[in-house]
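One structure is given below, encoded as structure tokens.
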Amino acid sequence: MNKMRNFLLKTVVHRRLPHLHSVRHACGEGRSGRGLVIGVYQKEGDKDPKLTPSGEKVNDRVQGKLTELICETKLTGRLGRGKVFNNIDPEFRSLAIVGVGLEGIGFNELEMLDEGMENVRVAAGIGARSLQEIGCTEVFVDGMDYAEQAAEGAALAVWRYSDTMSKRERPNIPKLDLYDSPDVDSWTRGIFKAEAQNLARRLSDAPANCMTPTLFAQATVDALCPCGITVEIRTMEWIEQQRLNSFLMIAKGSCEPPVLMEISYCGTNPEDKPILFLGKGVTFNSGALNLRPCKGMDEYRACMSGAAACVAMMRCVAALSLPINVCCIIPLCENMPSGMACKPGDVVTLLNGRSMAVRDLDKAGVVVMSDPLLYGQSSYKPRLVVDVATLGEGVKKAFGGGATGIFSNSHYIWKQFQSAGALTGDRVWRLPLWHYYRKQITDEMGYDLSNDGRGLACSCLAAAVLHELVPCVDWAHLDTRGTGLLTKHGLIPYLTVKRMTGRPTRTLVQFLYQMACPADQK
1 MNKMRNFLLK
11 TVVHRRLPHL
21 HSVRHACGEG
31 RSGRGLVIGV
41 YQKEGDKDPK
51 LTPSGEKVND
61 RVQGKLTELI
71 CETKLTGRLG
81 RGKVFNNIDP
91 EFRSLAIVGV
101 GLEGIGFNEL
111 EMLDEGMENV
121 RVAAGIGARS
131 LQEIGCTEVF
141 VDGMDYAEQA
151 AEGAALAVWR
161 YSDTMSKRER
171 PNIPKLDLYD
181 SPDVDSWTRG
191 IFKAEAQNLA
201 RRLSDAPANC
211 MTPTLFAQAT
221 VDALCPCGIT
231 VEIRTMEWIE
241 QQRLNSFLMI
251 AKGSCEPPVL
261 MEISYCGTNP
271 EDKPILFLGK
281 GVTFNSGALN
291 LRPCKGMDEY
301 RACMSGAAAC
311 VAMMRCVAAL
321 SLPINVCCII
331 PLCENMPSGM
341 ACKPGDVVTL
351 LNGRSMAVRD
361 LDKAGVVVMS
371 DPLLYGQSSY
381 KPRLVVDVAT
391 LGEGVKKAFG
401 GGATGIFSNS
411 HYIWKQFQSA
421 GALTGDRVWR
431 LPLWHYYRKQ
441 ITDEMGYDLS
451 NDGRGLACSC
461 LAAAVLHELV
471 PCVDWAHLDT
481 RGTGLLTKHG
491 LIPYLTVKRM
501 TGRPTRTLVQ
511 FLYQMACPAD
521 QK
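In structure tokens:
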């Protein structure tokens with residue numbers, strides 16, 4: 001028996017997945033470069049690691065070689081750990097065996113996370129990426145009891161931003177398919193959600209000169225109009241006629257003309273009140289006359305990641321045909337220093353007649369969003385308002401990339417977002433919206449509001465400014481300063497290090513699904 005095992009190990013080239021020593025081997029030759037990702041559950045006590053049902057079928061087909069190799073190579077089924085085996089299956093050139101963690105694991109209340117779903121995303125993502133790296137052009141993925149989450153993890157892991165690369169240097173993006181499962185509908189939903197987040201990643205990661213306000217608007221039209229979504233592009237003349245002065249205060253510092261987009265999706269009775277989203281669309285934020293440090297300034301090309309997430313969310317909502325009405329307003333401009341730029345201390349009168357002092361141009365996000373937020377409420381009469389923006393450094397320092405900060409005047413809306421984040425693995429956490437912070441931005445002499453307030457709680461102060469502009473409707477503000485920009489620390493295994501994340505697109509989609517189909521919630 002030992003001789004047989006030694007023979008197997010000599011004839012099978014294997015490759016350890018992340019955290020283990022790796023040996024590269026080409027997969028593109030023969031069998032059309034087909035690879036398969038199989039899950040293995042972590043061993044408990046004296047029990048050996050257990051293959052998923054699909055994995056057991058493959059093991060039977062290869063006369064038990066898989067279990068022998070798992071035993072011989074001491075795979076334990078620990079989450080994210082595994083190996084790639086080549087040339088042991090007649091159908092697939094390479095098999096990626098990846099640990100899924102403990103079998104039957106579910107919702108963890110302390111973590112506010114469905115760990116079973118998240119473990120499948122991690123395993124599918126690591127397995128698909130490992131097969132991609134050795135040249136597989138078609139990757140089949142074991143559903144591991146969660147076909148939707150397997151699709152999300154795999155599709156997010158293999159995607160790469162390549163728009164600015166030459167065709168010769170562009171990475172291979174393998175075709176993904178579900179293996180040995182009838183749950184094709186769930187797999188398709190997962191692919192839709194992952195592709196939406198990848199759209200947000202592409203928009204956010206583009207260089208600022210390739211994603212100006214005008215180019216962002218064109219990219220939005222190209223992405224949404226084929227889905228039957230209405231996109232209206234408003235130019236400078238219209239913005240001036242509507243007296244969106246706070247938006248223009250920031251936009252006038254750049255040579256790039258501002259654009260305001262109104263996006264509408266009607267999935268139910270047109271008479272039903274819509275949910276209104278507002279996405280901050282500052283396509284490059286230099287800080288204007290309050291110039292930001294030069295080191296790392298290129299990251300602020302993604303200060304429109306809130307707008308990108310909203311556009312991607314709209315595309316996925318249409319793809320899933322959710323029975324809900326959704327409108328989205330996206331103000332697009334650059335925040336640049338120039339002779340025309342807004343000066344610290346300038347005061348602007350908002351649509352509601354209140355005055356705002358722009359004391360810090362580095363915190364221009366709330367200024368850009370103020371008048372569009374008021375315009376959206378008066379035009380659409382929404383039942384709920386949600387804004388998504390990269391605003392305060394405070395939420396980044398508090399949460400890092402672990403969660404998106406959420407501020408809301410509705411406990412019900414907060415609970416819906418919390419539930420959505422637990423299911424998608426892209427969590428949100430509530431921060432205070434107290435009268436204490438309102439006093440710091442309104443208790444001023446000479447004007448009604450300031451854009452920066454007093455004190456160190458920059459994220460809470462920014463939320464307090466926006467809250468002042470939403471007097472009579474349920475509202476939530478998502479601050480994505482820590483989650484929507486570059487992935488630097490605490491890397492999520494199925495995303496890419498030092499690239500834009502596209503978060504929290506899937507959480508927004510899940511939230512809308514819960515609002516559209518409350519009867520389907522358990």
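Read left to right, the sequence shown gives residues 1 to 522 (my numbering).
Beta carbons are placed, not taken as given, at the ideal position from N, Cα and C, and that holds for glycine.
Since residue i and residue j should fall inside the 8 Å C-beta cutoff, what is the C-beta to C-beta distance between them, to a whole number of angstroms?
i	j	result
residue 171	residue 213	Not quite, the Cβ-Cβ distance comes to about 29 Å (not below 8 Å), so this is no contact.
residue 119	residue 79	6 Å
residue 512	residue 289	Between residue 289 and residue 512 the Cβ distance is about 39 Å, and since that is not below 8 Å, they are no contact.
residue 391	residue 469	That pair is no contact at about 14 Å.
residue 211	residue 233	So it is not a contact: roughly 15 Å between Cβ atoms.
residue 146	residue 116	7 Å
residue 150	residue 99	Contact flag wrong, Cβ pair sits at about 14 Å.
residue 459	residue 479	5 Å
residue 515	residue 416	7 Å
residue 292	residue 395	Between residue 395 and residue 292 the Cβ distance is about 17 Å, and since that is not below 8 Å, they are no contact.
residue 359	residue 344	6 Å
residue 325	residue 281	About 22 Å separates the two Cβ atoms, so there is no contact after all.
From the DSSP output, read off the bridge partner residues of residue i.
i	result
residue 583	With the chain covering 1 to 522 only, the question about residue 583 has no answer from this structure.
residue 97	38 and 83
residue 139	35 and 176
residue 476	386 and 408
residue 71	The partner list for residue 71 (beta bridge, DSSP) is empty, contrary to what the question assumes.
residue 335	285
residue 355	349
residue 50	41
residue 92	None; residue 92 has no bridge partner.
residue 107	114
Tell me the rounded alpha-carbon separation between residue i and residue j.
i	j	result
residue 244	residue 332	12 Å
residue 277	residue 135	41 Å
residue 271	residue 227	21 Å
residue 69	residue 57	15 Å
residue 21	residue 64	Low per-residue confidence applies at residue 21: pLDDT is 35, beneath 50, and the placement is therefore not dependable, though the value from the model is reported in the following sentence. Taking the straight line from one Cα to the other gives about 25 Å.
residue 27	residue 187	Any reading at residue 27 must be qualified, since the residue scores a pLDDT of 48, below 50, and its modelled position is unreliable; the value itself is stated next. Cα to Cα, residue 27 sits roughly 25 Å from residue 187.
residue 420	residue 388	15 Å
residue 308	residue 60	46 Å
residue 437	residue 335	26 Å
residue 287	residue 92	53 Å
residue 329	residue 486	24 Å
residue 304	residue 404	16 Å
residue 299	residue 87	43 Å
residue 386	residue 95	44 Å
residue 447	residue 411	31 Å
residue 452	residue 162	37 Å
residue 471	residue 462	16 Å
residue 231	residue 206	21 Å
residue 166	residue 434	51 Å
residue 45	residue 176	35 Å
residue 361	residue 346	10 Å
residue 84	residue 129	11 Å
residue 274	residue 242	22 Å
Excluding the 5 residues preceding and the 5 following residue i in the sequence, name in chain order all residues of the same chain whose CB lies nearer than 7 Å to its CB.
i	result
residue 418	112 and 428
residue 197	156, 312, 502, 505 and 506
residue 179	36, 54, 140, 141 and 142
residue 493	80, 122, 125 and 126
residue 250	333, 335, 342, 364, 367 and 368
residue 195	155
residue 571	Since the displayed the chain opens at 1 and closes at 522, residue 571 lies outside it and no answer follows.
residue 184	178
residue 340	252 and 253
residue 491	497
residue 225	231
residue 349	245 and 355
Excluding the 5 residues preceding and the 5 following residue i in the sequence, name in chain order all residues of the same chain whose CB lies nearer than 8 Å to its CB.
i	result
residue 71	48
residue 489	400 and 401
residue 283	208, 211, 212, 213, 216, 256, 301, 303, 304, 332, 333 and 334
residue 376	276, 278, 327, 329, 382 and 385
residue 444	357 and 450
residue 220	231, 261, 263, 311 and 330
residue 467	407, 409, 433, 438, 475 and 477
Counting only the same chain and skipping the five closest in sequence on each side, list residues whose C-beta sits under 6 Å from that of residue i.
i	result
residue 159	198
residue 11	Bear in mind that a pLDDT of 35 at residue 11, under 50, signals an unreliable position, so the model cannot answer this.
residue 351	371 and 374
residue 455	440
residue 137	33 and 174
What residue ranges within the region 391-460 form continuous beta strand (DSSP E) runs of no fewer than 3 residues, ordered along the chain? Counting whole runs of 3 or more residues, the region 391-460 contains the beta strand (DSSP E) stretches 404-408 and 428-430.
Of all the alpha helix (DSSP H) runs that stay within the bounds of the region 235-288, which reach a length of 4 or more residues? The alpha helix (DSSP H) runs of length 4 or more contained entirely in the region 235-288 are, from start to end of the chain, 236-241 and 245-251.
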